[in-house]
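Protein chains in written order, with our numbering: chain H, 1 to 266; chain R, 267 to 545; chain Y, 546 to 804. The C-beta atom is built at its ideal place from N, Cα and C for all residues, glycine as well. These figures come from a predicted structure and were not determined experimentally. The next block holds one structure in the form of structure tokens; read it before the comments.
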Amino acid sequence: MNINIKDLYFTYPTGLEALKGINLTIESGEQVAIVGQNGAGKTTLARHFNGLLKPTSGSVSIGDWETTKYSTAKLASRVGYVFQNPDEQLFSRDVRTEVSFGPKNLGYSKEKIDELVKRALSLTELNGKTETNPYDLSPAWRKMVALASIIAMDTPIIIFDEPTTGQDALNVGRIARVIAELRHEGKTVITITHDIDFCAENFDRVIALAKGQVLLDGMTKDVLGEEETLAQTYVDPPQLTRLGKALGLKDTVTTQEEFLKAIMWG
Amino acid sequence: MAFVNIQNLTYKYPLTKEPVLKNINLQVQEGEFVSVIGPNGAGKSTLCYALAGFVPHFFKGEISGEIEVDGKLSSKSTLDEWVLNVGLAFQNPFNQISGAKYTVFEEIAFGLENIGVPRDEMKKRVEDAMSLTGISELADRSPYSLSGGQQQRVALTSILVMRPSLLVLDEPTSQMDPIGTREVFGVVRKMAEEGMTVMMVEHKVEWIANFADRVIALKDGQILLEGKPNEVLTSDVLVEHGFGVSRYTSTAREAKQRGLWKKNNLPVTLDEAVQGFKP
Amino acid sequence: MHERLSFHIKRDSFLHRLNPLTKLALTLALILLAFTFPWYWMPHLLALAAIIPLSLLGKVFREFMLTALRLIIPAAGFLFLMQAFFQPVGADVIFQFYFLDMTSESVLFAFRNAMRIVVMVSAFTLFLLTTHPSELMSDLTRRGLPGQFSYVIISTLQILPQMQTKAQTIISAQRSRGLDTESSFLKRAGSLIPLIGPLVFGSLVEVEERAIAIEARGFTSKHAKTSLHEIPDPAFDKSLRWVLFALIIASIGLNIWLS
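Structure, rendered in structure tokens:
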């Protein structure tokens, strides 16, 4: 299911022009990271994907649905959106009930719900915690519950808003595994992130926004190599990319394997 | 005699089953900049609260052992006296806005009003603190209108302006971009040079290695490792225990196995990595 | 997004420069005169000869008239109609609406009451437009109001709009999980728990952290507090307050004496 964005402009009621002419196509099954400084328009753009915000002008379509014609509750069957702060969505007395909330809203059969919840819980490594009250879990595990509650909706498109903020290395590893599994299942994953190393290691395509416009859009390696352009939106290239540059390597490297190969062959 | 002296500290919150801090022993010298790292749930924030007096004075719970700062014992002090000497800024900047003030300038002056600093001196101290942390241009904005990173700078400034002798910071840069992070580490380093003792919980190991004097690795309420930044941050023990390490470290470790890294020490910072990998 | 809950308009005017306590006294005087002075046209006179000139003097005429047109006059008009129809006084019926009678006495009665309300709300509006909440609280704290009390007032004023923003985020998060908040009333009622649960939990965490944050900044320190802003209280203000006080006493005295 493709996402098509045509001439998207968005102005907040306060008069703030957050998006100024965005044109993008995101194909089914792509893994896309959206980067850029605070206020560049990342969250504003992402909230157009499930109709939480509607274009001031231009259009956003999810498959054959134009977002202006559908409610967010309806679009939720195509686009799952994991909010940054799990505490702004968790309310159930146990993890299983919490994770079933989304699929229930989408009207799946009981068998289907059980199956989806089971899969989401095992993907997020929550199996041993299904009967726990989410608020008795640590913030790191609450984050995983929030992830599971969206994954269980089985939408073809999933959006993560700053998934790694405040997470330790263990949890970042878990989140990376979830994203890898979703990729394997052929889902479209779109992630807003500040964590540029995470972005380099888990996504094929990077879109850099600056001041409400697309600054760069392309293969991860090509975008993250553009050090000077990225500086316009206060993004530092990944650590290994900077190291590669400092060592004078010919090609841009973003991952450990690329780096090691490059220094081995000079 | 160390400026900060923690002896056999064990602490349990009223509602937790297990102690969150277990037999912590720690000494910090005056003017030292110590950084604390550790996975979620290691007890980092609790250690901060203990140094700042909120454990046990605010949270209650069961405590044993002693916390001594600048020759005074926490157990023999009241919280309102203790906070004059030990400043605390923590992670969530939004909840640190007092709510009592309408501008950033007033917000930063709030603490000085509470401790009765005369008006002229107050204005001077607020202005100095704001220029130190680079937020002078935010003076007339509402604290609520700021971005997370800006609010974190306001929270830090609000504590710096009180001039504590021990500064306790719990992930003060979590919502900042690379430039903001670099500046905050710079400011904290400068305060340490001027004699302020600093204890800072952080994830950003590259910056810790560049700026801190010593690193403490905390895990399950205990000190796992302690020492010079490069020593601690490149230790194999960290990886086994799920700590975040710098990409320079993990890549060089792999390179070492393949014979591509010849030095003894692994790198944490870009400079160290460039030195080691340079042909 | 709302930044704060305050009507204050920052200007430099005679009214803005008055001490907050003087303005409070002025507001009370206007209200008490409107309600107690034993002359039928007093509220009307105050509205025309005091409230409007004061709004000009305070350089907030435009903002004041906007509030008056949007809020005060419609509310007073409604009150007038209710009282004119339902007040069972007088026999001189001048207008009938089904079984409801409007008499000349009830119209006069309703007109005065409506004008009293106009004066009361207008006086408060002017007060809020020209007085910064933190100035008022600093001044009252200096005069002996407990610091905790003014903290609660000001922080509530500020935190309410923040709660609203937070509630909006929670609604967005749950709608993204397919919660239908836009259709029937019954469905909306059912969606309250997913909305209120996170709001309450979040507020508990917030309250605890905020308590720590202000404590860390010496909030309960036993030192005598100082204040960043100097709030002037010149002799003119003091005399003005005495004059207003005398007017209030005179009005109440007259009222009692004539009744």
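Annotated three-state conformation of Y/L563 is coil, per DSSP. In the DSSP assignment, H/R183 falls within the alpha helix (DSSP H) that extends over A169 to H184. Flagged as an interface residue toward chain Y: H/A76, by a C-beta distance shorter than 8 Å.
Listed by position along chain R, the residues whose Cβ is nearer than 8 Å to that of H/N38 are S413, G414, G415 and D443. In terms of CA proximity to Y/K783, Y/L569 leads the group Y/W586, Y/R615, Y/L569 and Y/L671. Shortest Cα-Cα distance from H/S57 to any of H/I34, H/K20 and H/R47 involves H/K20. As a beta-bridge residue in DSSP terms, Y/M647 pairs with Y/F640. Rounded to the nearest angstrom, the gap between the Cα atoms of Y/P565 and H/A120 is 59 Å. The beta carbon of H/K129 sits closer than 6 Å to those of V95, all from its chain and outside the five residues before and after it, given in chain order.
Using a CB distance cut-off of 8 Å, Y/A758 counts as an interface residue toward chain R. Counting the other CB atoms within 10 Å of its CB gives R/S397 a total below 16, which places it among the exposed residues.
By the rule that beta-carbons nearer than 8 Å mark a contact, H/Q232 does not touch chain Y. Under the 10 Å beta carbon count, H/P238 is surrounded by 16 or more other beta carbons and is classified as buried. H/A140 sits close to H/D168, with the two beta carbons spaced by under 8 Å. A straight-line Cα-Cα distance of about 15 Å links R/V540 and R/N496.
Within chain R, S440 have C-beta atoms less than 7 Å from the C-beta of H/G166, given in sequence order. Scanning the segment 681-737 of chain Y for uninterrupted alpha helix (DSSP H) segments of 4 residues or longer gives 692-720 and 730-735, listed from N- to C-terminal end.
For Y/A718, the nearest beta carbon of chain H is closer than 8 Å to its own beta carbon.
Closest in C-alpha terms to Y/I554, from the list Y/S600, Y/M587 and Y/I738, comes Y/S600.
Cβ contact annotation for R/V505 (same chain, cutoff 7 Å, sequence separation greater than five): V511, in chain order.
H/E98 is not a Cβ neighbour of Y/I715, given a cutoff of 8 Å.
Exposure of R/P384 is indicated by the presence of fewer than 16 other C-beta atoms within 10 angstroms of its C-beta. In the displayed model, R/Q293 falls within a strand according to three-state DSSP. For H/L90, the residues of chain Y that pass the 7 Å Cβ criterion are P743, in the order they occur in the chain. Shown here for H/D217: same chain residues with a beta carbon closer than 6 Å to its own, the five before and five after excluded, namely I207 in chain order. For H/Q239, the C-beta contacts it makes with chain R under 9 Å involve E472, S512, R513, Y514, T517, L536 and A539, in order along the chain. For R/P384, a Cβ of chain Y is located within less than 8 Å of the residue's own Cβ. Relative to Y/E680, the option among Y/W584, Y/L591, Y/S695 and Y/F764 whose CA is nearest is Y/S695. Our two residues, Y/P743 and Y/A769, have alpha carbons roughly 39 Å apart in a direct line. Among the residues of chain R, none has a CB under 9 Å from the CB of Y/A712; the nearest is roughly 15 Å distant. Taken in chain order, the complete beta strand (DSSP E) segments of 3 residues or longer contained in the segment 55-142 of chain H are 57-62 and 79-82.
Annotation for R/I401: no beta strand (DSSP E) segment contains it, and DSSP assigns it neither H nor E. In terms of beta-carbon proximity, R/K544 lines the interface with chain H, with at least one pair separated by less than 8 Å.
The Cβ-Cβ distance between H/L106 and H/M153 falls below 8 Å. A check of alpha carbon separations from Y/L803 across Y/T701, Y/W584 and Y/Q707 identifies Y/W584 as the nearest. Taking every protein chain shown into account, the CB of H/E27 has fewer than 16 other CB atoms within 10 angstroms, so this residue is exposed.
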